[in-house]
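Asks: Chains as they are written, first to last, in my numbering: chain A, 35 to 211; chain B, -9 to 186.
First the structure, which I've put down as structure tokens, then a few questions once you've had a look.
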């Protein structure tokens, strides 16, 4: 029985007519030795014949004119062009991801990174938003080469001072990586 | 239609040329309809779904990048729409097409299709009954199995094209096809055994 299971895929390919010559020879040998598999293969072939024997159906003559009319009146938005082929479930997923990103960016925080003290400046990065390049750092927000190097940043610009997540005197600065 | 012609039509359709899109879709309408009618087991609903699939393809032609053939892309959209329709209406087991429905085959209606002057009425009745039984059995498959077996056996797509159309690994296509046939064998046992 175990050996027969190993032949399942090959018998499937044989019935589908997609088995190569070596596979066909192997299946034939097995079917010669195994009446149960031979009967199964024959039944599957018969099933395939029944499905293939179903008549092709054709639409009513009204379909094409109706379709032509709807095609000509259809308005296509940029959204359709980009997302039109997606399923509602795929659209929901994309919308969910987009919403999360918007919320995260809106809050100015995407990920938290405890990068630790930057060099010997005493500054510490407490939050980083890679998408916007905005970093909240503890006061002071030095822009020394050591600090920038430690954070993997460059070209820092101090934006503003403000309390941030309960940390007093935190300064927000924009850096480029 | 050559791949160059398809590419040209796709380009024109993307630019808003409806006639180009119609030329692109024309060779596929009948086959898409036939596939959807077998998927949902309802010739009237299949007309709506065919329209829906083609309109969606028209809206989304800008996103067709040519990675898949136009045909497989269209079958992907059609399959998604059919599966959604079955889900939406809460009948994953599609209702069975009645032979009394005015189904039309490429060479005439279903009833006419099985009519053959060389065959006697009893033979015709048996052929019609068999067609109905096969459609019934297909309707009892899950939509996933149904799509694979119809695309392979009725629409003549290859394993690779089905994998592309349904976004499945090749191995999954093969195993679903095998499972679909095994299930159909159980459902159609009297007919299969009779043939043996």
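A virtual CB, placed ideally from N, CA and C, is assigned to each residue, including glycine.
Small disclaimer: the values here were computed from a predicted structure and weren't measured.
Cβ of residue 78 of chain A less than 7 Å from any chain B Cβ?
Replies: Interface residue, yes.
Asks: What's the C-alpha gap between residue 33 of chain B and residue 67 of chain A?
Replies: Their backbone Cα atoms lie some 46 Å apart in a straight line.
Asks: One question on the structure: do residue 135 of chain B and residue 141 of chain B come within less than 7 Å of each other, judged by their Cβ atoms?
Replies: It is not a contact, given that the beta carbons lie outside the stated cut-off.
Asks: Cβ closer than 7 Å: which chain A residues qualify as neighbours of residue 44 of chain B?
Replies: Chain A residues near residue 44 of chain B: 101.
Asks: Between residue 180 of chain B and chain A, is there a C-beta pair that is closer than 7 Å?
Replies: Chain A contact via Cβ: absent.
Asks: Counting only the same chain and skipping the five closest in sequence on each side, list residues whose C-beta sits under 6 Å from that of residue 127 of chain B.
Replies: Same-chain partners within the cutoff: 174, 177, 178.
Asks: In three-state DSSP terms, what is residue 97 of chain A?
Replies: Reduced to three states, the DSSP call for residue 97 of chain A is helix.
Asks: With residue 3 of chain B and residue 56 of chain B assumed to form a contact (beta carbons below 8 Å), what rounded beta-carbon distance in angstroms separates them?
Replies: Between residue 56 of chain B and residue 3 of chain B the Cβ distance is about 12 Å, and since that is not below 8 Å, they are no contact.
Asks: By the criterion of Cβ-Cβ separation under 9 Å, what are the contact partners of residue 20 of chain B in chain A?
Replies: Under the 9 Å cutoff, chain A gives 90, 91, 92, 93.
Asks: Hey, is residue 86 of chain A's beta-carbon within less than 7 Å of any beta-carbon in chain B?
Replies: Yes, residue 86 of chain A counts as interfacial toward chain B.
Asks: Along the segment 1 to 16 of chain B, what residues have a CB closer than 9 Å to any CB found in chain A?
Replies: The residues in question are 4, 6, 8, 11, 12, 15, 16.
Asks: Can you confirm whether residue 57 of chain A, when its beta carbon is compared against all beta carbons of chain B, has any partner nearer than 7 Å?
Replies: No, residue 57 of chain A lies away from the interface with chain B (no Cβ there is under 7 Å from its Cβ).
Asks: DSSP state of residue 157 of chain B, grouped into three classes?
Replies: Residue 157 of chain B falls in the coil class under three-state DSSP.
Asks: Quick one: list the residues of chain A neighbouring residue -4 of chain B, beta-carbon separation under 7 Å, in chain order.
Replies: Those do not exist, as residue -4 of chain B stays about 17 Å from chain A at its closest Cβ, beyond 7 Å.
Asks: Name the chain B residues that come within less than 7 Å of residue 46 of chain A, Cβ to Cβ?
Replies: Going along chain B in sequence order, the residues near residue 46 of chain A (Cβ under 7 Å) are 164, 167, 168.
Asks: Tell me which residues share the same chain as residue 23 of chain B and place their Cβ nearer than 8 Å to its Cβ, disregarding the 5 neighbours each side in the sequence.
Replies: Answer for residue 23 of chain B: 36, 37, 40, listed in chain order.
Asks: Excluding five sequence neighbours on each side, which residues of the same chain lie with their C-beta closer than 7 Å to the C-beta of residue 153 of chain B?
Replies: Result list for residue 153 of chain B: 159, 160, 163, in chain order.
Asks: Helix, strand or coil for residue 91 of chain A? Go by DSSP, reduced to three states.
Replies: It is a strand residue.
Asks: Contact between the segment 48 to 67 of chain B and the segment 125 to 132 of chain A is defined here as three or more beta-carbon pairs at a separation below 8 Å; is this criterion met?
Replies: Result no; under three Cβ-Cβ pairs closer than 8 Å.
Asks: Helix, strand or coil: which one does DSSP assign to residue 135 of chain A?
Replies: Reduced to three states, the DSSP call for residue 135 of chain A is helix.
Asks: If you drop the 5 nearest sequence neighbours on each side, which residues of the same chain put their C-beta closer than 8 Å to that of residue 30 of chain B?
Replies: Once the five neighbours on either side are set aside, the close Cβ partners of residue 30 of chain B are 36, 39, 72, 75, 76, 84.
Asks: Is the distance from the Cβ of residue 84 of chain A to the Cβ of residue 124 of chain B below 7 Å?
Replies: Yes.
Asks: State the DSSP-derived secondary structure class of residue 59 of chain B, mapped to helix, strand or coil.
Replies: DSSP places residue 59 of chain B in coil when its eight states are reduced to three.
Asks: Specify the secondary structure class of residue 6 of chain B as computed by DSSP and reduced to three states.
Replies: Here residue 6 of chain B sits in coil by DSSP.
Asks: Which same chain residues, not among the five before or five after residue 42 of chain A, have their C-beta less than 6 Å away from its C-beta?
Replies: Taken in chain order, the list of residues that qualify is empty.
Asks: Quick check: is the beta carbon of residue 145 of chain B nearer than 7 Å to any beta carbon in chain A?
Replies: It does not: the Cβ of residue 145 of chain B has no partner Cβ on chain A nearer than 7 Å.
Asks: Tell me the rounded alpha-carbon separation between residue 70 of chain A and residue 132 of chain A.
Replies: Looking at the two C-alpha atoms, the distance is approximately 55 Å.
Asks: Please confirm whether residue 65 of chain B has its beta-carbon closer than 7 Å to some beta-carbon of chain A.
Replies: No, residue 65 of chain B does not count as interfacial toward chain A.
Asks: When we look at the beta-carbon of residue 111 of chain A and count the other beta-carbons within 10 Å, is it buried (16 or more) or exposed?
Replies: Exposed is the call here.
Asks: Look at the alpha carbon of residue 15 of chain A and the alpha carbon of residue 49 of chain A, and state the distance between them as a whole number of angstroms.
Replies: With chain A running from 35 to 211 in the structure shown, residue 15 of chain A is simply not present.
Asks: Per DSSP, what kind of secondary structure is residue 20 of chain B in: helix, strand or coil?
Replies: Helix at residue 20 of chain B.
Asks: Alpha carbon to alpha carbon, how far is residue 140 of chain A from residue 134 of chain A? Give it in angstroms, no decimals.
Replies: Between residue 134 of chain A and residue 140 of chain A, the C-alpha separation is close to 10 Å.
Asks: For residue 167 of chain B, which residues from the same chain have a beta carbon less than 7 Å from its beta carbon, with the 5 sequence-adjacent residues on both sides left out?
Replies: Correct list, in chain order: 138, 139, 142.
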